[in-house]
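One structure below.
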């Protein structure tokens with residue numbers, strides 16, 4: 010790709026910014042109209058057939074008889090739903106990082122490191138040039154949908170603040186690079202867009218989390234930020250540092266032109282009230298996105314208030330009912346035949362050589378046309394150590410309820426079971442919570458969690474009757490920075506986008522986390 014760096018001084022001028030904003034308005038209209046006119050089911054069928062055709066001469070394509078596939082049914086009959094371990098052990102491990110024509114044609118330039126938050130093991134997800142283009146298309150789609158719904162928000166009047174991972178990627182033996190997906194995206198940003206983006210590229214190489222936050226805050230208070238994106242927990246840490254540096258009480262005072270906060274990577278409900286307070290202005294809008302190392306899934310359409318699956322960016326989606334997971338032949342739905350209200354596990358087939366890959370997330374559809382979803386959790390995030398059958402969405406709701414009832418804000422939390430040493434005694438759930446400001450009355454907070462879970466989950470309430478099967482939850486406050494330090498100590502290979510495991514049904518992660526936080530003075 011030819012360098013466009015020589016255009017940077019020109020595109021940063023006020024006149025060109027005005028023109029760029031006008032172009033964005035026009036693009037937003039056309040992109041939104043195009044999405045609205047698409048038949049998502051047909052587009053997805055065409056996407057799958059295109060992916061199969063391009064990969065038919067790869068090792069995976071030959072193994073799965075791609076040359077004879079002409080329908081979705083043909084494909085599903087030949088390619089089972091699989092997880093990362095299958096691809097790594099069967100196709101990638103012996104030749105990594107030289108995956109030329111293994112599961113996708115050509116050389117793989119990047120690998121996105123993913124923690125696979127439930128297992129903790131680092132995964133190496135291929136990112137091809139086609140996937141780079143796919144991610145760019147969905148990023149522009151996010152901006153287009155927002156701008157179409159809010160034409161008054163002139164985003165090009167200032168800069169987009171991308172709070173992501175380090176662009177200092179690890180060289181692999183074949184010349185490819187491995188690192189955080191957001192770091193890969195930052196490296197591939199067009200030069201003509203850099204005048205509209207913060208931080209400057211030379212600062213995106215910082216890998217130390219604290220140094221990154223301090224440096225970004227010091228620089229950002231002097232910039233006209235109009236939009237910011239990142240994981241909620243990390244944005245909250247940045248906001249606090251920005252207020253400290255600037256001496257201001259709200260983000261609207263620091264950045265008067267701020268209009269958009271893009272969040273993803275985790276449920277936003279526990280953070281929503283805190284973010285509204287931090288903004289200090291009702292002109293700032295929140296937009297949820299659903300990116301994944303394996304492929305971008307959905308972005309919020311402000312007209313509906315839900316995330317919309319993007320069907321036309323070289324990624325084919327299947328949706329497996331959660332209750333079918335583990336079956337030899339699970340039901341596999343597409344955007345053409347999903348049902349509203351059913352909880353599905355998300356399966357992707359992509360232009361990066363993933364084929365019916367279970368990414369580990371669960372969603373439910375709010376509407377079929379257009380395809381609107383909400384994120385409900387992880388396939389391995391559940392609590393049923395005592396038969397209570399809780400899913401992550403319910404736990405998120407309970408923590409959010411308890412925070413609102415006690416007037417506090419959470420930065421991050423983890424929950425898992427504590428098993429009794431005496432088998433005749435009941436166990437309980439332990440919530441490790443890092444609060445943003447003050448620590449509430451822990452007994453009241455625990456009671457509120459208990460109250461809400463009893464209300465929303467029919468299995469939880471009977472287990473709590475008389476404390477016979479399960480005791481009231483225990484809430485352990487985590488001192489500021491405790492989760493960050495634990496992540497750095499136990500998962501040093503991961504970057505700023507890594508997330509604290511939210512739930513642990515085995516109790517092992519919970520116990521290990523509790524022990525580490527206690528020994529290092531962060532618990533209690």
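Residue numbers (my numbering): 10 to 533. Glycine included, every Cβ here is placed at the ideal spot set by N, Cα and C. Predicted model only: the values in this text are computed from it and were never measured.
Asked	Found
Within a Cβ cutoff of 6 Å, which residues of the same chain sit near residue 221, ignoring the five residues on either side of it in sequence?	215
Does DSSP put residue 121 in a helix, in a strand, or in coil?	strand
If you compare alpha carbons, which of 509, 106, 484 is closest to residue 490?	509
Within the same chain, show all residues whose beta-carbon is closer than 7 Å to that of residue 300, passing over the 5 residues directly before and after it, in chain order.	273
Would you kindly check if the distance between the Cβ of residue 296 and the Cβ of residue 309 is under 8 Å?	yes
Can you tell me the Cα-Cα spacing of residue 327 and residue 83, whole angstroms?	14 Å
Can you list, in chain order, the residues of its chain whose CB lies under 7 Å from that of residue 413, leaving out five sequence neighbours each side?	282
Can you name the start and end residues of the beta strand (DSSP E) that residue 483 belongs to?	483 to 486
Apart from the five residues just before and just after residue 208, which ones in its own chain have a Cβ nearer than 7 Å to its Cβ?	225, 228
Which partner residues does residue 370 have in the DSSP bridge list?	387
Taking 8 Å as the limit between beta carbons, can you name the residues of its chain near residue 428, skipping five residues before and five after?	394, 436, 516
State the Cα-Cα distance for the pair residue 182 and residue 120, rounded to the nearest angstrom.	12 Å
Taking residue 385 and residue 352 to be in contact with their CB atoms under 8 Å, please state how far apart those CB atoms are, rounded to whole angstroms.	6 Å
What number of angstroms, rounded off, separates the C-alpha of residue 354 from the C-alpha of residue 346?	15 Å
Looking only at its own chain, which residues have a Cβ that is under 6 Å from the Cβ of residue 11, when we skip the five neighbours before and after it?	Because the pLDDT at residue 11 is just 45, under 50, the model does not fix this residue reliably, and the value given afterwards should be weighed accordingly. Nothing meets the Cβ criterion.
Taking only the alpha-carbon atoms, compute the straight-line gap between residue 535 and residue 190 and give it to the nearest angstrom.	No information on residue 535 is available, as it lies outside the stretch 10 to 533 that the chain covers here.
Just tell me which of 448, 29, 110 has its CA closest to the CA of residue 68.	110
Under the rule that 16 or more other beta-carbon atoms within 10 Å means buried, what is residue 446, buried or exposed?	exposed
List the residues that DSSP assigns as beta-bridge partners of residue 69.	According to DSSP, residue 69 bridges with nothing at all.
Give the range of the alpha helix (DSSP H) segment to which residue 50 is assigned.	49 to 63
Between the alpha carbons of residue 94 and residue 193, how many angstroms are there, rounded?	23 Å
What does a CB cutoff of less than 6 Å around residue 196 pick up in its chain, not counting 5 residues either side in sequence?	176
On a Cα-Cα basis, can you pick out the residue from 398, 512, 356 that is closest to residue 424?	512
Between the Cα of residue 266 and those of 235, 71, 206, spot the shortest distance and give me the residue it belongs to.	235
Comparing the CB of residue 233 with every heavy atom of the ligand FMN, is any distance shorter than 7 Å?	Although the ligand FMN was asked about, the structure shown includes no ligands whatsoever.
Rounded to a whole number of angstroms, what is the C-alpha to C-alpha distance between residue 129 and residue 477?	In this predicted model, residue 129 has a pLDDT of only 49, less than 50, meaning its place in the structure is not dependable; the value taken from the coordinates is given anyway. Their backbone Cα atoms lie some 33 Å apart in a straight line.
Can you list, in chain order, the residues of its chain with a C-beta nearer than 7 Å to that of residue 81? Leave out the 5 residues immediately preceding and following it.	54, 57, 343
Skipping 5 residues on each side, what residues in its chain have a beta carbon closer than 8 Å to that of residue 404?	392, 424, 462, 511, 512
Taking the runs of the alpha helix (DSSP H) that are 4 residues or longer, which of them lie wholly in the region 396 to 437?	401 to 415
Taking DSSP as the reference, what is the three-state secondary structure of residue 271?	strand
In whole angstroms, what is the alpha-carbon distance linking residue 75 and residue 145?	28 Å
Return yes when the Cβ of residue 23 is within less than 8 Å of the Cβ of residue 63, no when it is not.	no
Does the beta-carbon of residue 160 have 16 or more other beta-carbons within 10 angstroms, so that it is buried, or is it exposed?	exposed
How about residue 485 and residue 533: are their beta carbons less than 8 Å apart?	yes
On the CB-based measure, 16 or more other CB atoms within 10 Å of its CB, does residue 527 come out buried or exposed?	exposed
Could you check what DSSP says for residue 338 in three-state terms: helix, strand or coil?	coil
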